[in-house]
Each structure stands twice: as C-alpha cells, then as structure tokens.
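Enquirer:
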Amino acid sequence: MGLATLAAFGLWNAPSVAETHVERPAQVVAQAVALGVTLLVLTLARAHHAPSGATTLLIASGIAAPGAPLIGLVVGLVIVLAAAPLLARLPGERDDTADLAGPETPMG
Numbered sequence: 001m002g003l004a005t006l007a008a009f010g011l012w013n014a015p016s017v018a019e020t021h022v023e024r025p026a027q028v029v030a031q032a033v034a035l036g037v038t039l040l041v042l043t044l045a046r047a048h049h050a051p052s053g054a055t056t057l058l059i060a061s062g063i064a065a066p067g068a069p070l071i072g073l074v075v076g077l078v079i080v081l082a083a084a085p086l087l088a089r090l091p092g093e094r095d096d097t098a099d100l101a102g103p104e105t106p107m108g
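Under this note's numbering, the first residue of the sequence shown is numbered 1, with each subsequent residue one higher.
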C-alpha cells in the first residue's frame with residue numbers, strides 16, 4: 001500500500017521526509033490512506049500484524065525509498081507468500097489445533 005499511494009499521489013520521486021524534515025500535505029494524505037487501507041485489509045483478513053503498519057508508513061513517507069532494493073524485497077515477499085501454501089502441505093508432524101484448544105485444565 002505504501003508503494004501504491006506513492007504512485008497514486010505522484011510522490012514516487014519526491015524527497016523523503018527524513019531529508020526535508022517537512023511533510024507536504026500530499027505526503028500526509030498518502031501516509032494516512034496507505035495505513036488506513038493496510039489496517040482495513042488486515043482487519044478483514046483477521047491477520048493483525050503491527051509491523052506491517054510501520055512498514056507501510058516507512059514506504060509512504062519515503063524513508064524507505066522505492067527502487068531496486070525495495071522492489072527486490074517486494075518480489076521476494078510475493079514469492080514466499082506464493083510458496084507458503086505449498087510449504088504448509090509438506091509432510092511432517094504438527095498439531096494445528098493445539099493453540100485453539102486453550103490451556104489444559106485438570107478435570108476433577
């Protein structure tokens with residue numbers, strides 16, 4: 001979402017907030033939209049992950065500038081997410097219900 005809002009608000013090549021020490025109104029709105037949409041998606045997916053909000057803000061503010069390193073990171077993330085369902089099906093011992101049952105209590 002950080003990258004999408006940079007592109008949508010025309011901030012792709014804008015200087016970082018860390019460089020200018022001043023946020024332009026478009027940067028503030030882009031950060032708010034990016035964080036809001038990120039939180040909405042996480043809430044709908046029931047997959048709360050606070051660091052994703054921080055990452056979104058780092059990118060939307062321009063601190064983590066778009067470019068080859070960031071694009072490489074995004075491509076790597078997409079590959080890992082695509083492989084996750086396949087990796088989850090690998091044979092092995094696991095108990096998927098252990099966390100759902102809650103703590104064991106003695107009956108008596």
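Each residue gets a CB set at the ideal place from its N, CA and C atoms; glycine is no exception.
#1: Starting from glutamate 19 and walking both ways along the alpha helix (DSSP H), at which residues does that stretch end?
#2: Go to glycine 36, then tell me how far its alpha helix (DSSP H) extends in each direction, as first and last residue.
#3: Quick check: what's the CA-CA separation for leucine 114 versus alanine 84?
#4: Counting pairs of Cβ atoms below 8 Å between the segment 24-33 and the segment 41-52, do you hit three or more?
#5: Compare the Cα-Cα distances from histidine 48 to each of Leu58, Ile59, Leu35 and report the closest residue.
#6: According to DSSP, is glycine 10 part of a helix, a strand, or is it coil?
#7: Please classify valine 75 as buried or exposed, where buried requires at least 16 other C-beta atoms within 10 Å of its C-beta.
#8: Rounded to the nearest angstrom, what separates leucine 39 and leucine 90 at their Cα positions?
Expert: Reading off the structure:
#1: Taking the sequence shown and counting its residues from 1, one reaches residue 19 at position 19. Counting along the chain, the alpha helix (DSSP H) containing glutamate 19 begins and ends at 17-20.
#2: In the sequence shown, residue 36 corresponds to position 36, counting from 1. From DSSP, the alpha helix (DSSP H) with glycine 36 extends over 25-44.
#3: Absent from the structure is residue 114, since the part of the chain shown begins at 1 and ends at 108.
#4: no
#5: As a position in the sequence shown, residue 48 is number 48, starting the count at 1. Cα-wise, what sits closest to histidine 48 is Leu35.
#6: In the sequence shown, the residue the question calls residue 10 occupies position 10. It is coil, neither helix nor strand.
#7: Stepping through the sequence shown from its first residue, residue 75 is reached at position 75. Label assigned to valine 75: exposed.
#8: Taking the sequence shown and counting its residues from 1, the one referred to as residue 39 is at position 39. Taking the sequence shown and counting its residues from 1, the one referred to as residue 90 is at position 90. When rounded, the distance between both Cα atoms is 31 Å.
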